[in-house]
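Under my numbering, think of the first position of the first sequence as 59, with each following residue one higher.
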Amino acid sequence: MAAELAKQYEPAEVEGRIYSEWLEKGYFRAEKREGSKGPYTISMPPPNITGQLHLGHCMYTMQDALIRWRRMQGYDALWLPGTDHAAIATEVKIVEQMAKEGLSKEALGYEKFMERAWAWKETYGGRIVEQLKLLGSSCDWSRERFTMDEGCSKAVKEVFVRLYEKGLIYRGERIINWCVSCGTSISDAEVEHSERDGAFWHIRYPYADGTGHIEIATTRPETLLGDTAVAVHPDDPRYAEAIGRELILPLTGRNIPVIADSYVEMDFGTGAVKITPAHDPNDFEVGARHGLPILNVMTDDGHMNAQAGAAYEGMDRFACRKQLVKDLEALGLLIKVEPMKHSVGECYRCHTVAEPRVSTQWFVRMKPLAEPAIAAVKSGETKFVPARFEKTYMYWMENIKDWCISRQLWWGHRIPAYYCGACGEMAVTREAPEKCAGCGGDMVQDPDSLDTWFSSALWPFSTLGWPDDTEDLKYFYPTNTLCTAYDIIFFWVARMIFSGCEFMGKAPFDTVLITGLIRDELGRKLSKSLGNGADPVEVIQKYGADALRFTLTTGNSPGNDLRFSEEKVSASRNFANKIWNASRFVRMNLDEDEPAPHVPGNLNMEDQWILSRYNTTVREVTANLEKFELGMAVQKLYDFLWDEFCDWYIELAKISLTEPKTRAVLVYVLSGTLKLLHPFMPFITEEIWRALPHEGESIMISDWPVYDEALSFPGAEARMAVFMEAVKGIRNRRAEMNVPPGKKTNVFIRADDTFSDLLFVKLANASAVHWLAGRDYEKDDAVRIVGSGFKIWIPMGELVDPAAEKARLEKELAHIEKQLQGVNAKLSNEGFTGKAPAAVIEGARQNARQLAEKRAALRESLAALGGTV
RNA sequence: GGACGCGUAGCUCAGCUGGUUAGAGCGCUCGCCUCACACGCGAGAGGUCCUCGGUUCGAGUCCGAGCGUGUCCACCA
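Pasting the structure below:
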């Protein structure tokens with residue numbers, strides 16, 4: 059056994075050593091074992107290889123806590139880790155990095171660029187994995203995966219081909235969101251909308267026959283150059299005559315028709331809408347209905363193209379907007395400019411204003427896939443915790459649109475579509491075709507890659523070996539708990555569910571545990587630009603991983619955001635130190651050959667009490683974990699260990715440390731509590747557990763404690779409650795009377811029950827305890843303490859301030875009277891006595907009796923005191 | 001325009017299916033270096049549980065309305 063423990067817990071000395079040992083022993087490895095309780099699986103949300111560990115990742119603590127708990131319960135607990143290639147995010151970073159060296163993608167070429175990207179993956183993907191280890195994550199690293207590794211890539215290809223063959227993937231020309239900065243399409247989910255100050259330009263479109271004009275209003279004047287019609291509502295009387303006439307599109311000289319479409323809102327703007335099918339999703343629909351030409355006026359990088367006309371070609375889209383407004387004004391066609399707030403979409407990666415534009419892309423037909431995914435949640439096959447997020451999910455799924463999955467990026471999974479250079483024939487296949495099946499011409503692969511979420515959607519089964527029918531897949535799928543923040547329900551959770559339903563026939567997990575977001579002290583979202591996120595690595599170095607984990611799990615409930623502050627971590631560190639010192643105390647009083655944890659015989663009141671309280675804690679903490687109430691579980695452990703075990707039991711145990719029985723109880727309760735705490739504070743619990751008598755080689759593979767009816771001692775709990783009340787009463791009185799801690803006092807007690815004098819000597823600074831059987835203390839010169847089932851007198855001479863005592867008694871009396879009044883009012887209410895459960899009524903009666911007793915005693919005390927003041 | 005949170009002690013937040021006197025951490029006041037721990041010990045102060053109605057014998061907890069605040073979704077140009 060280790061020598062005496064240090065006075066303060068030093069996490070930095072402990073954590074690395076213990077983590078390495080766990081790794082070496084292979085404790086994280088999950089396997090199908092005979093006689094286990096079965097599988098318990100969590101797929102780790104794969105962190106992006108772009109990132110460093112941030113506080114958000116530290117919420118993975120919840121997953122680790124669940125895994126550690128289930129592992130101790132005897133499940134084959136698999137926490138499957140990995141990283142995400144994060145197509146667009148990574149590519150943007152690499153391009154940035156290259157720009158600093160004066161390099162560009164194009165200049166480098168595809169092959170070289172990909173080499174560079176893989177090198178990036180090795181460096182930074184590796185870094186974040188190492189950082190996850192610092193947190194204490196007990197993942198099965200032997201199963202670590204990457205969304206672009208061979209297996210995952212095979213799964214992606216398989217899914218693409220199957221969906222294509224089923225007609226659920228198609229290629230077509232649609233309006234998509236385009237990021238001019240990233241140079242790629244992005245999905246609807248990847249566009250963030252925000253309200254911005256903009257303007258509403260009212261513009262005159264003259265009739266071609268020179269008989270007047272129609273006034274339209276727009277927030278994006280530059281798109282005028284791509285207009286191919288103006289639409290009005292068919293029932294709008296203002297424009298009844300206009301329908302079918304021609305207008306001259308200003309600055310272009312083109313003629314465009316006025317068409318009728320009920321998409322137009324009559325009472326918004328001027329009731330006439332310019333239609334730009336190439337640059338607006340609604341206009342695209344209108345255009346399709348009316349067979350309008352589609353005129354794309356912009357380039358990939360957000361400049362105006364030749365179709366915009368020579369005057370504007372090459373201009374940046376926003377510069378063009380300015381110029382165009384100026385030109386309209388010069389022509390007298392600008393009627394007015396109204397300030398207007400409207401929502402602008404931007405790329406979620408680079409925050410450039412996204413451009414809706416028509417483009418040929420690949421899409422997933424979502425409706426048929428959404429149906430089973432909706433059913434899975436409706437039927438309860440998959441549950442959200444907290445349940446309210448089901449609504450978020452349902453709303454999105456029920457209103458889902460086709461998913462644009464192709465990206466004009468290099469870093470990602472190539473689309474398995476091949477085109478014949480000779481005849482244009484397309485083939486979608488698992489293996490690249492040698493030659494065109496039709497004409498024998500050479501085939502070229504589609505240059506686009508897939509949305510990064512396309513591969514993460516398959517994560518719960520691709521990582522287990524799918525499409526091969528592996529043993530892992532059979533055993534660990536479906537997984538159990540998916541734990542993630544609410545901000546990626548659409549991006550990821552929803553897509554995993556429909557993918558699981560489609561390809562596995564089963565939803566990928568039974569529970570989605572939603573965590574909140576971490577915010578800073580001021581409640582702001584953590585962001586790189588604000589630089590307001592503490593670096594978890596530094597926090598861990600300073601306070602320890604256990605303190606950080608504790609901070610993130612305690613007193614927090616699923617789905618709610620959490621404000622992070624260093625003060626909280628410091629408080630958690632203090633708790634770790636408290637555990638450490640309590641254990642140090644226990645440890646230093648043990649014999650060399652102290653037996654392993656067991657419940658001894660000959661238990662006295664306080665032994666029974668702490669065992670009973672421990673037993674209750676076991677039951678409640680386990681129940682909390684089953685309901686995913688991790689915050690509550692941790693809170694209970696904190697309270698139990700600090701308030702009950704340390705503040706009371708250890709103090710009482712000091713009286714009888716020489717008895718093996720007392721030491722056995724200390725060891726039993728402490729090591730059991732450490733087990734309960736282990737999922738949350740893995741390092742310190744392991745370190746201490748090993749220093750105490752124990753069986754087995756690690757706390758992390760020890761058995762989770764179970765509730766034991768034999769350890770339930772309600773009688774001892776009741777007696778102990780009385781004792782604690784008495785001790786607190788004495789302490790309180792001494793404090794208020796300003797009795798110096800060193801001054802011991804005589805204590806006279808009349809009680810229904812008796813306790814060992816030593817208890818009072820030790821905990822209440824008593825010099826001697828006098829038990830008054832069946833009679834009160836007779837002299838008047840004493841301070842009285844009245845409790846439930848006891849009265850205590852402390853001779854006044856030993857105290858100092860009778861006036862203060864009188865004031866205190868009066869205050870307490872008033873308080874008691876108020877309470878008594880309340881209880882009596884309740885008891886005399888027939889509604890209450892008639893309808894409330896018997897136990898509640900009995901409780902109230904008992905309370906009333908006790909209060910009445912206290913009141914009587916207080917009055918007596920006051921009367922007695924009155925004589926002496 | 002929809003949907004969803006939140007509003008409890010000075011600050012940050014717990015409080016499950018309604019049931020005795022509403023809790024914690026930090027901060028504050030008083031006293032203690034008491035032989036595990038000053039990252040500590042003991043004792044305190046501090047709350048109209050946002051407002052108004054309702055259901056109920058009983059509401060911080062359930063319902064309705066309102067106010068404040070935050071988030072997500074949405075094609076009104």
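All C-beta atoms in this analysis are idealised placements derived from N, C-alpha and C, irrespective of residue type, glycine included.
It should be emphasised that the depicted structure is a prediction, and the values quoted were computed from it without experimental measurement.
Suppose you measure from the CA of residue i to the CA of residue j; what does that come to, to the nearest Å?
{"i": "W199", "j": "T440", "result": "27 Å"}
{"i": "N538", "j": "E775", "result": "38 Å"}
{"i": "E231", "j": "H471", "result": "21 Å"}
{"i": "M854", "j": "G832", "result": "22 Å"}
{"i": "S196", "j": "A135", "result": "10 Å"}
{"i": "W469", "j": "M172", "result": "7 Å"}
{"i": "A433", "j": "G403", "result": "31 Å"}
{"i": "W80", "j": "S770", "result": "35 Å"}
{"i": "P798", "j": "R789", "result": "11 Å"}
{"i": "E73", "j": "L190", "result": "13 Å"}
{"i": "R303", "j": "K163", "result": "49 Å"}
{"i": "T310", "j": "M373", "result": "16 Å"}
{"i": "A61", "j": "A840", "result": "Because the pLDDT at A61 is just 47, under 50, the model does not fix this residue reliably, and the point stays unresolved."}
{"i": "E202", "j": "C704", "result": "41 Å"}
{"i": "T926", "j": "I807", "result": "For T926, the predicted model reports a pLDDT of 44, less than 50, meaning its position is unreliable; a value from the coordinates is still stated below. About 21 Å."}
{"i": "G194", "j": "T141", "result": "17 Å"}
{"i": "W127", "j": "M120", "result": "11 Å"}
{"i": "E68", "j": "V249", "result": "46 Å"}
{"i": "P335", "j": "F326", "result": "20 Å"}
{"i": "E159", "j": "A165", "result": "12 Å"}
Give me the residue from the options with the minimum Cα distance to residue i.
{"i": "L817", "options": "V841, G832, E783 and A793", "result": "E783"}
{"i": "A266", "options": "A289, P397, P308 and A257", "result": "P308"}
{"i": "G367", "options": "V797, R312 and M778", "result": "R312"}
{"i": "F738", "options": "P751, F633, R833 and A768", "result": "F633"}
{"i": "D504", "options": "Q419, E560, V316 and F561", "result": "Q419"}
{"i": "A177", "options": "L192, V187, I152 and L190", "result": "I152"}
{"i": "K399", "options": "T276, C408 and L467", "result": "T276"}
{"i": "G589", "options": "Y321, R577 and Q599", "result": "R577"}
{"i": "E625", "options": "E579, V644 and D651", "result": "E579"}
{"i": "D761", "options": "R792, S729 and K786", "result": "S729"}
{"i": "V238", "options": "M324, V150, K179 and F204", "result": "V150"}
{"i": "T720", "options": "D665, E489 and F781", "result": "D665"}
{"i": "L683", "options": "E223, L830, V443 and R645", "result": "V443"}
Among the residues of its own chain, which have a CB less than 6 Å from the CB of residue i, if the five just before and after it don't count?
{"i": "G523", "result": "D530 and L531"}
{"i": "I233", "result": "P339, F342, P414 and V416"}
{"i": "C378", "result": "E280, M362 and Y370"}
{"i": "I668", "result": "Y707 and V727"}
I'd like the list of long-range same chain contacts for residue i, defined as Cβ closer than 7 Å, with 5 residues on each side in sequence excluded.
{"i": "M554", "result": "A515, W517, P518 and P566"}
{"i": "G479", "result": "G499, D500 and V502"}
{"i": "Y228", "result": "F421 and R423"}
{"i": "I21", "result": "Shown here, the chain extends from 59 to 927; a query on residue 21 therefore has no answer."}
{"i": "Q466", "result": "G241, T242, S243 and D506"}
{"i": "V288", "result": "Y263, I272, I274, L305, I314, V316, A330, V331, K332 and I333"}
Go through its chain and collect everything with a Cβ distance to residue i's Cβ below 8 Å, but skip five positions before and after it.
{"i": "R75", "result": "none"}
{"i": "L695", "result": "T675, V679, T731, L734, L735 and F738"}
### Task
List in chain order: all unbroken alpha helix (DSSP H) runs of 4+ residues lying wholly within the region 486-574.
510-514, 517-520, 529-534 and 552-562
inquiry  = When you compare the region 800-813 with the region 869-877, are there three or more beta-carbon pairs, one atom per stretch, that lie closer than 8 Å?
reply    = no
Are the region 725-738 and the region 614-622 touching, with three or more C-beta to C-beta distances below 8 Å?
-> No, because fewer than three Cβ pairs between the region 725-738 and the region 614-622 fall closer than 8 Å, the two stretches do not touch.
| request: Specify whether the region 207-216 and the region 510-525 touch according to this definition: at least 3 beta carbon pairs, one from each stretch, less than 8 Å apart. | output: yes
| said: Quick check for students: name the residue ranges of the beta strand (DSSP E) that lie wholly in the region 296-343, counting only runs of 3 or more. | reply: 304-306, 313-318 and 330-333
Q.
Assess contact between the region 478-488 and the region 173-185, defined as three or more Cβ pairs (one per stretch) separated by less than 8 Å. Is contact present?
A. no
Contained alpha helix (DSSP H) runs [length at least 4] in the region 366-390, N- to C-terminal order: 375-388
Q: Pick out the complete alpha helix (DSSP H) segments inside the region 202-265, 4 residues or longer, and give them in chain order.
A: At a cut-off of 4 residues, the continuous stretches assigned as alpha helix (DSSP H) that sit fully inside the region 202-265 are 208-223.
**Study point:** Ranges of the beta strand (DSSP E) found wholly within the region 80-127, counting only runs of at least 3
**Key:** List check, beta strand (DSSP E) in window: 97-101.
- Item | Three or more C-beta pairs below 8 Å linking the region 101-109 and the region 577-585 | no
Taking the runs of the beta strand (DSSP E) that are 3 residues or longer, which of them lie wholly in the region 838-916?
-> 840-845 and 848-853
| task | Check whether the region 505-512 touches the region 452-469, counting contact only when three or more Cβ pairs, one atom from each stretch, lie closer than 8 Å. | result | Contact holds: three or more Cβ-Cβ distances are below 8 Å.
- Unbroken stretches of the beta strand (DSSP E), 3 residues or longer, contained in the region 388-420: 392-405
key: Contained alpha helix (DSSP H) runs [length at least 4] in the region 444-479, N- to C-terminal order   = 447-456
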